[in-house]
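Student: Submitted below is the structure of interest, expressed as structure tokens.
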Amino acid sequence: ASDILRNVPMVEVDLDGNASISGKRNTRIFIDGKPSDYMTSNIADLLSVLPSDAIEKIEVMTNPPARYSGDGEGIINIVLKKNFKIGLGGNAGGSAGLTGKTNANANASYKAKNYSINGGLAYQYNLRKTTNTSYRENFLTDTTFYQNNLNDFRDSGDGGNYRANFDWNITKKQSFRISTNYNNNSSNSLGGGYNYSIDEGLIEQSLRTTVNTGRIKRATLVIDADYELNIDTTGGRLTLGVTYNNNNDLNNRIIDRTFTPANRIQQLQNNVNNISNNGFTFKSDFDKPVFKRRDNIELGIQYTYRNNDKDQRNQYFDFSTQQFVINQQQSTQFLYKEDIFAGYASYNLRLKSWSAKAGLRAEVTAVKFDLSSGENYDIDPYVSFFPTASISRNFKKFNLTSSYSVRVNRPRENNLNPQINNIDPLNINFGNPNLDPELTHQMDIGINAWGLKWNFNPKLTYSSRAAVIEGFRSVDQTGVSESTFDNVSSNQQYGIILSGNYRPYKTISTNANFIFSQTSYQSNINSALNRTGKNLSGNIGLSMQLPFKTAFEGNLTYYNNISAQGRNKGSITTWMGARKVFMKNKLNARINISDPFGRANNSSFSEGANFRVQNFNTNNSSNVTLSLNYRFARVTKAKVPPAPTSSAP
Numbered sequence: 014a015s016d017i018l019r020n021v022p023m024v025e026v027d028l029d030g031n032a033s034i035s036g037k038r039n040t041r042i043f044i045d046g047k048p049s050d051y052m053t054s055n056i057a058d059l060l061s062v063l064p065s066d067a068i069e070k071i072e073v074m075t076n077p078p079a080r081y082s083g084d085g086e087g088i089i090n091i092v093l094k095k096n097f098k099i100g101l102g103g104n105a106g107g108s109a110g111l112t113g114k115t116n117a118n119a120n121a122s123y124k125a126k127n128y129s130i131n132g133g134l135a136y137q138y139n140l141r142k143t144t145n146t147s148y149r150e151n152f153l154t155d156t157t158f159y160q161n162n163l164n165d166f167r168d169s170g171d172g173g174n175y176r177a178n179f180d181w182n183i184t185k186k187q188s189f190r191i192s193t194n195y196n197n198n199s200s201n202s203l204g205g206g207y208n209y210s211i212d213e214g215l216i217e218q219s220l221r222t223t224v225n226t227g228r229i230k231r232a233t234l235v236i237d238a239d240y241e242l243n244i245d246t247t248g249g250r251l252t253l254g255v256t257y258n259n260n261n262d263l264n265n266r267i268i269d270r271t272f273t274p275a276n277r278i279q280q281l282q283n284n285v286n287n288i289s290n291n292g293f294t295f296k297s298d299f300d301k302p303v304f305k306r307r308d309n310i311e312l313g314i315q316y317t318y319r320n321n322d323k324d325q326r327n328q329y330f331d332f333s334t335q336q337f338v339i340n341q342q343q344s345t346q347f348l349y350k351e352d353i354f355a356g357y358a359s360y361n362l363r364l365k366s367w368s369a370k371a372g373l374r375a376e377v378t379a380v381k382f383d384l385s386s387g388e389n390y391d392i393d394p395y396v397s398f399f400p401t402a403s404i405s406r407n408f409k410k411f412n413l414t415s416s417y418s419v420r421v422n423r424p425r426e427n428n429l430n431p432q433i434n435n436i437d438p439l440n441i442n443f444g445n446p447n448l449d450p451e452l453t454h455q456m457d458i459g460i461n462a463w464g465l466k467w468n469f470n471p472k473l474t475y476s477s478r479a480a481v482i483e484g485f486r487s488v489d490q491t492g493v494s495e496s497t498f499d500n501v502s503s504n505q506q507y508g509i510i511l512s513g514n515y516r517p518y519k520t521i522s523t524n525a526n527f528i529f530s531q532t533s534y535q536s537n538i539n540s541a542l543n544r545t546g547k548n549l550s551g552n553i554g555l556s557m558q559l560p561f562k563t564a565f566e567g568n569l570t571y572y573n574n575i576s577a578q579g580r581n582k583g584s585i586t587t588w589m590g591a592r593k594v595f596m597k598n599k600l601n602a603r604i605n606i607s608d609p610f611g612r613a614n615n616s617s618f619s620e621g622a623n624f625r626v627q628n629f630n631t632n633n634s635s636n637v638t639l640s641l642n643y644r645f646a647r648v649t650k651a652k653v654p655p656a657p658t659s660s661a662p
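Residue numbers (our numbering): 14 to 662.
In structure tokens, the structure reads:
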């Protein structure tokens, strides 16, 4: 799925495989309209193993409507294939790359008159190599010194995704659907690092050598059921849905440190994190056409429960007794519980050349979390309102659109958890239990214009954020870097989005998407965080239909964004591929080339009152992959309503 997302306009995929909407700070990934963060604690793992052949379409919502949760500034919804004609059909395929990445998948479906069954399974093996280099300059009270870190990591892992769906048309007015989704993956990592301490005279004072080995195991189960009732002949519809999810992570890591000169003893520690997540969601949606089906009313309620349990056990090795000893101060259990009650209403108005939609969503949030060491944090329940509005005017060859919404970025367990991660004792990180929710007001106005061979969609955007949540770094007087999350400031962002498509010939199509914006941070607490900077991201794509049932595709992307303490900059990444079909379109062969001109890399710069740091990261993204996919029966989609555009208001 990650490879497909890289070619979707307005979508960025970082080095770790995480997808986001360009220009949006917080993006949520949905699968079939359901949040995928219920499916896995690591979204990149899910996207890497989800086969592209199982995907029907991808929807990008920059201003999600009221029926969706108020979390996140935008939503990427991955819709999986479901609708097939009566009969049995499916496909099977696999791929292999020069870097060692392999994939195998199979999907099958059977549809009878009143019911259908479909499912799929996928397996992936991946070998990932990364390098990280950082240079930190520390300005302390009476001295200046430097810390240079050079790290290499090798991570190999495999995983599977297993899906099954059952759809039953009980009567002409009633239908029922149940689906299950199970993911599991494991990985082994080996890392080596060198930390150089350099004094003010640029003379090396000490060297710390680290060997880091780890193993991670993850498993996620999601069960989802929906019941739909058509209550009248005018199109009124009631939908009831429940979702249960359970996720377990086990992370075991051993860190071995030696020092030069040998005036410090060897350090050996073992960090074990056992994390479990489970949740439950119930929702009821009602929509009904009114005024002779010209307009539409939507009403709904939703309840969401989330529970997180992180058991952290840190041990150090006592060389005198030759045993591991538990570090009592850093071995704690973190418990997090969240309840959200929500209700929404929206009205969709359609006239001859005008359409408008307005909605309001209200959410009551209750959060409780604590540590086994005795700290309790009970947040009083609070009410949030999320209005949404959009309007459009259609003309002969273009239309005007405008939208407004309020969104929230709630701090969750990873942001709030105060447990200390000390894998690198010179660069520790932890959560901040005192975070406030980040609130965003966002609006845009755009034009969609088209001709016989082209379309062009410019858009102006504005957003205002309060209590912005970002990573925040500080350095103490001993030179230890402490990274956490904080409500760093408020900010305002103005931007312009230019996207379009041009087809000079029937067999050639080009597309481009550019986003340019300016962000201003304003902090009443820390004047060092007052800064203004520009953001730039974009991608260019080309596709060609060639003779002999052959096609070529290519894509190029780039991003450069400001943060409260610095800037994040990515390299230009490229992707190209060719495909050919055989055997009356039953066999599809494809070859993909990723980053042929150099490995993907990114860099970041940040600074504080007494430090300045630069980071450089690269990974083994350069790869050549051969894929084969065979359709063992003719599978065509049944007639469905026209798909929404890739960018929803």
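We treat Cβ as the ideally placed atom computed from N, Cα and C, and that holds for glycine.
What's the call for Val653, buried or exposed, on a 16-neighbour Cβ count within 10 Å?
Tutor: Model confidence at Val653 stands at a pLDDT of 43, short of 50, so the residue's coordinates are unreliable and nothing is read from them.
Student: Around the C-beta of Lys410, are 16 or more other C-beta atoms found within 10 angstroms, so that it is buried, or is it exposed?
Tutor: Label assigned to Lys410: exposed.
Student: Take Lys597 as the anchor and find which of Tyr643, Arg612, Thr586 has the nearest alpha-carbon.
Tutor: Of Tyr643, Arg612, Thr586, the residue nearest in Cα terms is Tyr643.
Student: Give me the DSSP bridge partner(s) of Leu384.
Tutor: Answer by DSSP bridge pairing, in chain order: Phe347.
Student: Roughly how many angstroms separate the alpha carbons of Thr334 and Val285, rounded to a whole number?
Tutor: Distance between the alpha carbons of Thr334 and Val285: 21 Å.
Student: Cutting at 6 Å between CB atoms, please list the residues of its own chain near Thr638, excluding the five before and the five after it.
Tutor: For Thr638, where only same-chain residues beyond five positions count, the Cβ hits under 6 Å are Ser108, Gly110, Asn605.
Student: Following the continuous alpha helix (DSSP H) through Glu426, name the residue where it begins and the one where it ends.
Tutor: Segment 426-429, the alpha helix (DSSP H) holding Glu426.
Student: DSSP state of Leu18, grouped into three classes?
Tutor: Of the three classes helix, strand and coil, the one that applies to Leu18 here is helix, per DSSP.
Student: According to the Cβ coordinates, are Val224 and Gly205 closer than 7 Å?
Tutor: The answer is yes: Cβ separation under 7 Å.
Student: Since Asn500 is in the beta strand (DSSP E), which residue starts that stretch and which ends it?
Tutor: Per DSSP, Asn500 belongs to the beta strand (DSSP E) from 494-518.
Student: In its own chain, which residues sit with a C-beta less than 6 Å from the C-beta of Pro446, not counting the 5 before and 5 after it?
Tutor: Within the same chain, Pro446 has close Cβ partners Tyr390, Leu429, Pro431.
Student: If you pair each beta-carbon of the segment 352-369 with each one of the segment 309-322, do three or more pairs fall below 8 Å?
Tutor: Judged by Cβ distances under 8 Å, the segment 352-369 makes contact with the segment 309-322, as three or more pairs qualify.
Student: Using alpha carbons as the reference points, say which of Asn182, Asn287, Ile278 lies closest to Leu242.
Tutor: The residue with the shortest Cα to Cα distance from Leu242 is Asn182.
Student: Give me whichever residues DSSP pairs with Asp262 in a beta bridge.
Tutor: Beta-bridge pairing links Asp262 to Arg231, Ile288.
Student: What three-state label does DSSP hand Ala105 in the structure shown?
Tutor: It is a strand residue.
Student: So, with DSSP's three-state summary, where would you put Phe645?
Tutor: It is coil, neither helix nor strand.
Student: Note down, in chain order, each residue of its chain lying with its Cβ closer than 6 Å to the Cβ of Gly583, except the 5 sequence neighbours on either side.
Tutor: Around Gly583: Tyr572, Asn615.
Student: Please report how far the alpha carbon of Ser289 lies from the alpha carbon of Asp262, in whole angstroms.
Tutor: Answer to the nearest angstrom: the Cα atoms are 6 Å apart.
Student: How many whole angstroms separate the CB atoms of Leu251 and Phe299, which I take to be in contact at a CB cut-off of 8 Å?
Tutor: Correct: roughly 5 Å between the Cβ atoms.
Student: Go ahead and pull the three-state DSSP assignment for Gln187.
Tutor: In this structure, Gln187 counts as strand in the three-state DSSP scheme.
Student: Can you give me the Cβ contacts of Leu600 inside the same chain, cut-off strictly under 6 Å, excluding the 5 residues immediately before and after it?
Tutor: Counting only Cβ-Cβ distances below 6 Å, and skipping sequence neighbours, we find Tyr643.
Student: Rounding to the nearest angstrom, what Cα-Cα distance links Lys323 and Gly554 in this structure?
Tutor: Roughly 43 Å between the two C-alpha positions.
Student: Cα-Cα, which of Leu413, Phe382, Asp269 is closest to Phe347?
Tutor: Among Leu413, Phe382, Asp269, the Cα nearest to that of Phe347 is on Phe382.
Student: Taking only three categories from DSSP, how would you classify Ser540?
Tutor: Residue state, collapsed to three classes: helix.
Student: Please work out which residues of its chain come closer than 7 Å, Cβ to Cβ, to Lys562, disregarding the five sequence neighbours upstream and downstream, and give them in chain order.
Tutor: Around Lys562: Lys593, Val594.
Student: With a CB to CB cut of under 6 Å and the five nearest residues on each side skipped, what residues in its chain are close to Leu569?
Tutor: These residues qualify, in order along the chain: Ile553, Thr587.
Student: Can you grab the Cα-Cα spacing for the pair Ala358 / Gly313, in whole Å?
Tutor: Using only the alpha carbons, I get a separation of about 7 Å.
Student: Short check: CB of Ala577 to CB of Ser635, under 7 Å?
Tutor: Cβ distance not < 7 Å, so Ala577 and Ser635 don't count as in contact.
Student: So does the segment 137-147 actually touch the segment 164-173, counting three or more Cβ pairs closer than 8 Å?
Tutor: Yes, since at least three Cβ pairs between the segment 137-147 and the segment 164-173 fall closer than 8 Å, the two stretches touch.
Student: Do you know offhand how far Thr146's Cα is from Tyr195's?
Tutor: Their backbone Cα atoms lie some 36 Å apart in a straight line.
Student: Out of Ser416, Asn162, Gln325, state which residue places its alpha-carbon closest to the alpha-carbon of Asn630.
Tutor: Measuring from the Cα of Asn630, the nearest candidate turns out to be Asn162.
Student: So does the segment 214-228 actually touch the segment 262-277, counting three or more Cβ pairs closer than 8 Å?
Tutor: Touching, yes.
Student: What are the boundary residues of the beta strand (DSSP E) that includes Glu86?
Tutor: Unbroken run through Glu86: none, as it is neither H nor E.
Student: Measuring CB atoms only, is the segment 369-383 touching the segment 392-402, in the sense that at least three cross pairs come out at less than 8 Å?
Tutor: The segment 369-383 is in contact with the segment 392-402.
Student: Using the C-alpha atoms, what's the distance from Thr184 back to Arg425?
Tutor: Computed Cα separation, rounded: 42 Å.
Student: Going along the chain, which residues of its own chain have a beta-carbon closer than 6 Å to the beta-carbon of Ser368, five neighbours each way excluded?
Tutor: Hits under 6 Å: Ser405.
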